[in-house]
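If you read the sequences in order, they're chains A and B. Taking full-length UniProt numbering, I'd label the letters of the first sequence as residues 1 to 392. Taking full-length UniProt numbering, I'd label the letters of the second sequence as residues 1 to 225. Virtual Cβ for every residue (Gly too), placed ideally from N, Cα, C. Keep in mind that this is a model prediction, so the values were computed, not measured. Shown next, in structure tokens, is the structure this report addresses.
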Amino acid sequence: MKLRDLWTESMAGMLARPVRSALTTLGTVLGIGTLVVTLGIAATAGNQIVGRFDELLATSVTVEVPRGGHNPLVSWDAAKELRLLRGVTSATALAQSDKSSNLVVTANNLLDPTRVSGQTLAVVAATPDLPQTTLGRMLAGRYYDAGHVSRRDRVVVLGEQAAAMLGITSLEHAPAVFIKDRAYTVIGIIGGLRREQILASAILVPPTLGPDIGLKDVTRVLVATQLGAAELIARQAPLALSPNRSAELQVIAPPSPKRARDGAQDDVNGLFLILGLVSLIVGAVGIANVTLVTVMERVAEIGLRRALGAARRHIAAQFLMESSLIGLTGGVIGASVGMVTVVAVAAVRQWTPVLDVRLALAAPVAGALVGLLAGLYPALRAARMEPADALR
Amino acid sequence: MPEPVIELAGVCRDFPSDPPVRALADVDLRVEQGDYMAIVGPSGSGKSTLLNILGLLDRPTSGTYRLDGVETTALRDGGRTRLRGTRIGFVFQSFHLLAHRTVVENVMLAEVYGPHPRAGRRTRAEQALEQVGMSHRIRFLPDRLSGGERQRVAIARALMAQPALLLCDEPTGNLDSRNTEAILDLFDGLRAEGLTILVITHEDGVSARAKRRVRIADGVLREAP
């Protein structure tokens, strides 16, 4: 018997009762579909978590500088030099202390007993490249530059919220703020910070003015890196900032993408996998059952085929082929339905669907295998039949 | 002198029970090439057992059976299956056509399990259908045909493998008298072309058309006049 004849006979056998065959495939469709959906959603969700890190977190490195000692661990110029490292797009040194975080700031020095004019705000000394590092933009005025710093100009830039709290909305009349009874000219209002958003409620002063308010040494360095460089920069930054005492610096780096993905994979809902396997077994039992019924119905056909010269193995092969085809059909449909579901879920959640090609190929094969296993017993029954009995 | 198509010698068939049932008792039979023979007998006489043994669907308990010169009782299952597929064409009372396949596909089934090439199979099936006068129904499904037409398709399927022996089990049992007549005419024609035909029947009208008649009763075979 030739393979093409076996194929033709099996196809004809399967298509002779199309409704029954379609219903029989349903079990496999459900099983394979559930498995594909479970694995596909897990992969998609896993990738989604990784994707969220990409833009900001994965490019932010923060170095915390502990205080103490007479010699500063990190100098103000070190942050500027950090930019020489390949992969660093911008770096800003900040100074902030507990004391400077609770300073009374007023927008004028009139003592008006009827209202509270002073606000408790944080004052932070920062190098001039803060807007680039925090991806902030100037809502009004400008940020101070190296000139202001070197001239020790008494200027400040207000965070968006700090400005609102102080009632300063425009810079038209060159407003000033008073910190520790000294006046400082407000030259800009910064907003839309995407890193260190807490600075929106702070008052930013040039580092050369820091000593006036007790901010002498750098306490923190913010580094913005290129995508993928964070891990490297996190290792290099402490050495670059403080070559002698790099071990004392604390680096806060984003979790590596690999770890995020692993974490997501661990969250795969095992229950759904088990559900898929159970549906697959139920589908297999369904195929076995229906194939057995089909064998019993086609006893006369089996007898005829034996009379036409079919050996037992030909009969077995045909029924195995038919059950495998039913399983394969179920696998193909199940995999397709599963993938469409994954894409639909991803579309609704605005995720990027992730589908493993191997999964798409393995699912139909698994379906065919289920059909093959399910057909073993019925095929054996069919092959064992005595032709004389089958023709009676 | 050519080998006989069928040569049974001392064939017995016992069915195990208590006491054992002897369905065939010491049967000797010789069918020459081109013979048209009828085996008649009432039901329960051993007709079906004889047919199963002649059709290699069953083995005799003792005795020898040579089909077309090949000793079959010593053959294994595979060899008997091959011999059955190549040397014997079966015609059944209930036709045994596959309901979901067209007439020509049913006939083509005869070559699926043999060494025949796929190429030209349809043409050969159409020729076999022409032989039985069914060329006009090639693409019909069996349930659109009359009983006589169905039996002719079944005969075409049997002829397709170019068998040495056409083994017919009550071929007209499900047919009315007009269709019976048509089938018997067809057998006459095939016989004239040199085919060996063996018909098992209980109808006297059918056996009357055969050149030789053999009567079987209680497992014993007797040549009838």
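Contact set for residue i: own chain, Cβ-Cβ below 8 Å, skip 5 residues either direction
i: residue 85 (chain A); result: 233, 236, 237, 240
i: residue 20 (chain B); result: 14
i: residue 171 (chain A); result: 140, 141, 186, 187, 188, 189
i: residue 28 (chain B); result: 8, 9, 10, 11, 221
i: residue 124 (chain A); result: 94, 95, 96, 100, 199, 202, 203, 204, 205, 215
i: residue 347 (chain A); result: 353
i: residue 195 (chain A); result: 56, 60, 133, 134, 135, 222, 224
i: residue 230 (chain B); result: Because chain B spans 1 through 225 in this model, residue 230 (chain B) falls outside it and cannot be assessed.
Sub-9 Å separation of residue i and residue j beta-carbons
i: residue 6 (chain A); j: residue 350 (chain A); result: no
i: residue 34 (chain A); j: residue 287 (chain A); result: no
i: residue 304 (chain A); j: residue 391 (chain A); result: yes
i: residue 178 (chain B); j: residue 148 (chain B); result: yes
i: residue 89 (chain A); j: residue 230 (chain A); result: no
i: residue 187 (chain A); j: residue 177 (chain A); result: no
i: residue 330 (chain A); j: residue 31 (chain A); result: yes
i: residue 199 (chain A); j: residue 120 (chain A); result: no
i: residue 460 (chain A); j: residue 152 (chain B); result: Not covered by the structure: residue 460 (chain A). The range shown for chain A is 1 to 392.
i: residue 322 (chain A); j: residue 1 (chain A); result: no
i: residue 166 (chain A); j: residue 105 (chain A); result: yes
i: residue 38 (chain A); j: residue 367 (chain A); result: no
i: residue 30 (chain B); j: residue 56 (chain B); result: no
i: residue 43 (chain A); j: residue 94 (chain B); result: no
i: residue 130 (chain A); j: residue 190 (chain A); result: yes
i: residue 222 (chain A); j: residue 97 (chain A); result: no
i: residue 355 (chain A); j: residue 40 (chain A); result: yes
i: residue 365 (chain A); j: residue 353 (chain A); result: no
i: residue 95 (chain A); j: residue 207 (chain A); result: yes
i: residue 219 (chain B); j: residue 99 (chain B); result: no
i: residue 203 (chain B); j: residue 172 (chain B); result: yes
i: residue 334 (chain A); j: residue 363 (chain A); result: yes
i: residue 149 (chain A); j: residue 184 (chain A); result: no
i: residue 49 (chain B); j: residue 309 (chain A); result: no
Neighbourhood of residue i by C-beta distance below 6 Å, restricted to the same chain and skipping five residues each side
i: residue 383 (chain A); result: 312, 315, 316
i: residue 51 (chain B); result: 169, 200
i: residue 192 (chain A); result: 136, 137
i: residue 82 (chain A); result: 88, 91, 240
i: residue 91 (chain B); result: 154, 155, 158, 168, 171
i: residue 219 (chain A); result: 65, 95, 96
i: residue 275 (chain A); result: 34
i: residue 118 (chain A); result: 104, 106
i: residue 198 (chain B); result: 37, 167
Residues near residue i in its chain [Cβ-Cβ closer than 7 Å; skip 5 each side]
i: residue 164 (chain B); result: 5, 68, 87, 196
i: residue 65 (chain B); result: 8, 11, 53, 72, 73
i: residue 77 (chain B); result: none
i: residue 302 (chain A); result: 315, 382, 385, 390
i: residue 207 (chain B); result: 38, 40, 201, 213
i: residue 372 (chain A); result: 320, 323, 324, 327
i: residue 10 (chain A); result: 318, 321, 322, 325
i: residue 254 (chain A); result: 53, 57, 58, 60, 230
i: residue 345 (chain A); result: 41
i: residue 223 (chain B); result: 214
Practice item. With 7 Å as the C-beta to C-beta threshold (strictly closer), list the residues of the segment 113 to 127 of chain B near chain A in chain order. Key: 113, 114, 118
Exercise for review: Enumerate, from N- to C-terminal direction, the unbroken alpha helix (DSSP H) stretches of 4 or more residues contained entirely within the segment 353 to 388 of chain A.
Suggested key: 357 to 384
Point to revise | Inter-stretch contact (C-beta, 8 Å, three-pair minimum) for the segment 125 to 137 of chain B and the segment 48 to 63 of chain B | key: no
Check your understanding: Three or more beta-carbon pairs under 8 Å between the segment 150 to 164 of chain A and the segment 194 to 212 of chain A, yes or no?
Key -> yes
Point to revise | Completely contained alpha helix (DSSP H) runs for the segment 57 to 98 of chain A, where each covers 4 or more residues | key: 76 to 82
Check your understanding: Any contact of the segment 105 to 114 of chain B with the segment 148 to 168 of chain B, i.e. 3+ C-beta pairs under 8 Å?
Key -> yes
Check your understanding: So does the segment 54 to 65 of chain A actually touch the segment 368 to 380 of chain A, counting three or more Cβ pairs closer than 8 Å?
Key -> no
Exercise for review: Note down, one range per segment and in chain order, each beta strand (DSSP E) of at least 3 residues found wholly within the segment 207 to 239 of chain A.
Suggested key: 220 to 225
Exercise for review: Could you name each continuous alpha helix (DSSP H) segment of 4 residues or more that falls completely within the segment 54 to 118 of chain B, going from the start of the chain to the end?
Suggested key: 77 to 87, 103 to 108
**Study point:** Runs of alpha helix (DSSP H) wholly within the segment 7 to 54 of chain A (minimum 4 residues, chain order)
**Key:** 18 to 54
Check your understanding: According to a CB-to-CB cut-off of less than 7 Å, which residues of the segment 1 to 23 of chain B neighbour chain A?
Key -> none
Point to revise | contact_flag[the segment 115 to 127 of chain B, the segment 186 to 194 of chain B] where n(CB pairs < 8 Å) is 3 or more | key: no
**Study point:** Contact the segment 211 to 222 of chain B vs the segment 26 to 46 of chain B: 3+ CB pairs below 8 Å
**Key:** yes
Point to revise | the segment 280 to 311 of chain A: positions lying closer than 8 Å to chain B by Cβ | key: 300, 301, 303, 304, 305, 306, 307, 308, 309, 310, 311
Point to revise | Interfacial residues, the segment 58 to 74 of chain B to chain A, with Cβ spacing under 8 Å | key: 58
Review point. Just by C-beta distance, which residues in the segment 356 to 374 of chain A are closer than 8 Å to chain B?
Key: none
Point to revise | Selection of the segment 3 to 19 of chain A by Cβ proximity to chain B, strictly under 9 Å | key: 4, 5, 6, 8, 9, 12, 13, 15, 16, 17
Exercise for review: Select from the segment 95 to 111 of chain B all residues with a C-beta closer than 7 Å to any C-beta belonging to chain A, and list them in chain order.
Suggested key: 96, 98, 100, 101, 109, 110
Review point. Of the residues that make up the segment 315 to 343 of chain A, which ones have a beta carbon closer than 8 Å to any beta carbon in chain B?
Key: none
Practice item. Mind listing, in chain order, the continuous beta strand (DSSP E) runs of no fewer than 3 residues lying wholly within the segment 127 to 209 of chain B? Key: 165 to 169, 196 to 201
**Study point:** Every unbroken beta strand (DSSP E) within the segment 147 to 173 of chain A, with a cutoff of 3 residues, ordered by chain
**Key:** 155 to 159
Check your understanding: If contact means a Cβ-Cβ distance below 7 Å, which residues of the segment 169 to 181 of chain B contact chain A?
Key -> none
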